[in-house]
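Undergrad: Just so you know, we're using numbering that gives the first Met the number 0 here: the sequence shown kicks off at 0 and counts up by one. Here a beta-carbon is modelled for each residue, glycine too, at the ideal position from N, C-alpha and C. Quantities reported herein were computed from a predicted structural model and do not represent experimental measurements. This is the structure I have questions about; it appears just below.
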Amino acid sequence: MVLIINNIKADIIALKKTLELHNIDVDTAESGEEALKKILKNNYCLIIMDVQTPDFDSFEVVKILSANKQTKDVPVIFLSALNIEKKYIFKGSETSVVEYITKPVDTDLLILKVKNFIKIYEQQNELKEIKDLLSKEIKIRKEAQDNLETKIAERTRKLVLKNEELEMKNHELQQFSWVVSHDLNEPIRKIQVFIKIIKELYLKNDEKGIDYIDRTIKSAERMQTLITDLLAYSRLSAKVKPEITNLNIVLQDVLSDFDYLIERKNATIKTTELPAIESIPSQLRQVFQNLIGNALKFSNTENPPVIEITSELIADKSFDSPASPEGKYCRIIVKDNGIGFDEAYLDRIFIIFQSLNDRRMYEGTGIGLAIAKKIIEKHNGLITAKSEVGKGARFIIVLPLKHE
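Dropping the structure here:
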């Protein structure tokens, strides 16, 4: 709305009609006092007033408006017949007057300026609304962020406490495993010793008794192996710092341990160059030991075992990733020509205590591959197998060259 201030009623009526013809809302005041009262009560986008008014000082009115926070930004157009006198222009500038239009008023120019001010006013209001909305949005988001940070801090505190509690329990479990291992192994060792003494001293000519004794000794050996494997499985939760490991050395150590069995089974071992990676050497030694041990154990009775261990660098952490000389991962394959297994049971072979074979023919605890899987996953790697019954098995391992 535009406010016209003039003490000459005829001038007000003429100016009001001119503006209303262009659909501009108009309000009027015939004195400075009336104008100030209206300005403080209503929002105006523009004030039009005469420079020369007999009963009040136009510039004084504008000074009052400029000093008020609510009205200081309201633009003013002065109508003046004395445009040649610079003192009015200077005086208007001192009071932040926006525009001058000389009399007689050019109607087209006046309407153009009024519409421009109205447009500016509307744009400022839109910007103010956007600013208010943004302020509210910022406030809401800040409150949400503060609440989220509080929740995160509380959640973090609880997780830290839980983690400390879990570490304590893991430590206690490891101590318990060591104690149980020692306490269980000792009586089993004594059972084996005394059973062998009984066999040698009292059952030399009793074939049935010897058979029972041999079964007892084998059961004791299986129990001892089970305890050892369980202890090895429990140790995997311990934190050990990885180091640069030459897998060729690790593999040769494992093959040295199997020297007697390899020779007895007339096995052939074929290897290619393996990479050096960041790892825990003792754990990867255990992986090779389990995989090669299984390949020798589950060999085909018709043909001597042939075990191939190959390696190549690959681009991605994927079983099917293409080979890449610059790859950050290595793919290791342990292949044998043994009895194999049905891939329908692939998931079972990596689960602790699961065994697909007759334990009367193939001794084992069903823990070895579970240990291998846990070790590979602890190294941020992958392990799987491909096989067919009677056609051997391929165990595929993917490991990062650097510890992640």
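Count the C-beta pairs between the stretch 340-352 and the stretch 255-274 that are closer than 8 Å, then say yes if the count reaches three, no if not.
TA: no
Undergrad: Assess, as a yes-or-no matter, whether the stretch 247-260 is touched by the stretch 210-223 under the definition of 3 or more beta carbon pairs within less than 8 Å.
TA: no
Undergrad: Buried or exposed for Ile-7, going by 16 or more other Cβ atoms inside 10 Å?
TA: Translated into the one-based positions of the sequence shown, residue 7 becomes position 8. Counting other Cβ atoms within 10 Å of its Cβ, Ile-7 stays below 16 and is therefore classed as exposed.
Undergrad: Pull up the CB-CB distance for Tyr-99 and Phe-77, whole angstroms please, since I reckon it's below 8 Å.
TA: Position 100 of the sequence shown, counting from 1, holds the residue named residue 99. Position 78 of the sequence shown, counting from 1, holds the residue named residue 77. Indeed they touch by this definition, with Cβ atoms about 5 Å apart.
Undergrad: Helix, strand or coil for Val-75, going by three-state DSSP, please let me know.
TA: Translated into positions along the sequence shown, residue 75 becomes position 76. Looking at Val-75 - three-state DSSP - the assignment turns out to be strand.
Undergrad: Which one of Pro-241, Phe-297, Val-113 and Phe-318 has the shortest CA to CA distance from Ile-382?
TA: Along the sequence shown, one-based indexing puts residue 382 at 383. Comparing Cα-Cα distances from Ile-382 to each of Pro-241, Phe-297, Val-113 and Phe-318, the minimum goes to Phe-318.
Undergrad: Assuming the contact rule is C-beta atoms closer than 8 Å, Ile-47 and Val-73 should be a hit. Round their C-beta distance to whole Å, please.
TA: As a first step, residue 47 must be located in the sequence shown, where it is residue number 48. As a first step, residue 73 must be located in the sequence shown, where it is residue number 74. Rounded, the Cβ-Cβ distance is 11 Å, inconsistent with contact.
Undergrad: Could you check the C-alpha separation between Lys-138 and Leu-400 for me, to the nearest Å?
TA: As a working mapping, residue 138 is identified with position 139 in the sequence shown. As a working mapping, residue 400 is identified with position 401 in the sequence shown. Rounded to the nearest angstrom, the two C-alpha atoms are 48 Å apart.
Undergrad: Contact between the stretch 272-289 and the stretch 369-381: three or more CB pairs below 8 Å?
TA: yes
Undergrad: Between the C-alpha atoms of Glu-153 and Met-167, what's the straight-line distance to the nearest angstrom?
TA: In the sequence shown, counting from the first residue as 1, residue 153 sits at position 154. In the sequence shown, counting from the first residue as 1, residue 167 sits at position 168. Roughly 21 Å between the two C-alpha positions.
Undergrad: Less than 9 Å between the C-beta atoms of Lys-198 and Ile-187, yes or no?
TA: Numbered from 1 along the sequence shown, position 199 holds the residue referred to as residue 198. Numbered from 1 along the sequence shown, position 188 holds the residue referred to as residue 187. No, Cβ-Cβ distance for Lys-198 and Ile-187 is not below 9 Å.
Undergrad: Exposed or buried, Tyr-43, counting other C-beta atoms within 10 Å across all chains shown (16 or more means buried)?
TA: Stepping through the sequence shown from its first residue, residue 43 is reached at position 44. Per the 10 Å Cβ criterion, buried.
Undergrad: Where Asn-299 and Ile-209 are concerned, what is the direct C-alpha to C-alpha distance, given to the nearest angstrom?
TA: Numbered from 1 along the sequence shown, position 300 holds the residue referred to as residue 299. Numbered from 1 along the sequence shown, position 210 holds the residue referred to as residue 209. Going by the C-alpha atoms only, they are around 30 Å apart.
Undergrad: Classify Asn-6 as helix, strand or coil using the three-state DSSP reduction.
TA: What you label residue 6 is simply residue 7 of the sequence shown in a count that begins at 1. Correct three-state label for Asn-6: coil.
Undergrad: Verify whether the separation of the beta carbon atoms of Tyr-328 and Leu-260 is less than 9 Å.
TA: Position 329 of the sequence shown, counted from the start, is the residue given in the question as residue 328. Position 261 of the sequence shown, counted from the start, is the residue given in the question as residue 260. No.
Undergrad: Can you give me the Cβ contacts of Asn-336 inside the same chain, cut-off strictly under 7 Å, excluding the 5 residues immediately before and after it?
TA: To locate residue 336, count along the sequence shown from 1; it is residue 337. Answer for Asn-336: Asn-299, Asn-302, Pro-304, Val-305 and Gly-391, listed in chain order.
Undergrad: Which residue comes first and which comes last in the beta strand (DSSP E) that contains Ser-281?
TA: By one-based count along the sequence shown, residue 281 stands at place 282. Ser-281 -> not in any beta strand (DSSP E); alpha helix (DSSP H) instead, spanning 280-296.
Undergrad: With a cut-off of 9 Å, does the C-beta of Arg-284 fall near any C-beta of chain C?
TA: The chain inventory of the structure shown lacks chain C, comprising one protein chain alone.
Undergrad: In chain order, what are the residue ranges of uninterrupted alpha helix (DSSP H) at least 4 long that sit wholly in the stretch 87-149?
TA: With a minimum length of 4 residues, no continuous alpha helix (DSSP H) run stays inside the stretch 87-149.
Undergrad: Suppose the cutoff is 7 Å on Cβ atoms and the five residues either side in sequence are ignored; what does the same chain contact list for His-21 look like?
TA: Counted from its first residue, the sequence shown places residue 21 at position 22. Excluding sequence neighbours, His-21 sits near Ile-110.
Undergrad: Bridge partners of Cys-329, per DSSP?
TA: Here residue 329 corresponds to residue number 330 of the sequence shown, with the count starting at 1. Bridge partners of Cys-329: Leu-312 and Leu-398.
Undergrad: If I follow the unbroken alpha helix (DSSP H) through Ser-65, where does it start and stop?
TA: Locating residue 65 in the sequence shown gives position 66, counting from the first residue. Per DSSP, Ser-65 belongs to the alpha helix (DSSP H) from 57-66.
Undergrad: According to DSSP, is Ser-255 part of a helix, a strand, or is it coil?
TA: As a position in the sequence shown, residue 255 is number 256, starting the count at 1. If DSSP states are grouped into helix, strand and coil, Ser-255 belongs with the helices.
Undergrad: Count the other C-beta atoms from every protein chain shown that fall within 10 angstroms of the C-beta of Asp-24, then say buried if there are 16 or more, exposed otherwise.
TA: As a first step, residue 24 must be located in the sequence shown, where it is residue number 25. With fewer than 16 Cβ atoms within 10 Å of its Cβ, Asp-24 is classed as exposed.
Undergrad: Give the secondary structure of Leu-45 by DSSP, where H, G and I count as helix, E and B as strand, and everything else as coil.
TA: Here residue 45 refers to the residue found at position 46 of the sequence shown. In the structure shown, Leu-45 falls within a strand segment according to DSSP collapsed to helix, strand and coil.
Undergrad: In whole angstroms, what is the alpha-carbon distance linking Glu-342 and Lys-385?
TA: What you label residue 342 is simply residue 343 of the sequence shown in a count that begins at 1. What you label residue 385 is simply residue 386 of the sequence shown in a count that begins at 1. Glu-342 and Lys-385: Cα-Cα distance of roughly 7 Å.
Undergrad: When burial is assigned at 16 or more other CB atoms within 10 Å of the CB, is Ala-369 buried or exposed?
TA: Translated into the one-based positions of the sequence shown, residue 369 becomes position 370. Result: buried.
Undergrad: For Ala-371, report the span of its alpha helix (DSSP H) as first-last.
TA: Residue mapping note: residue 371 aligns to position 372 of the sequence shown, counting from 1. Note, Ala-371: alpha helix (DSSP H), 367-377.
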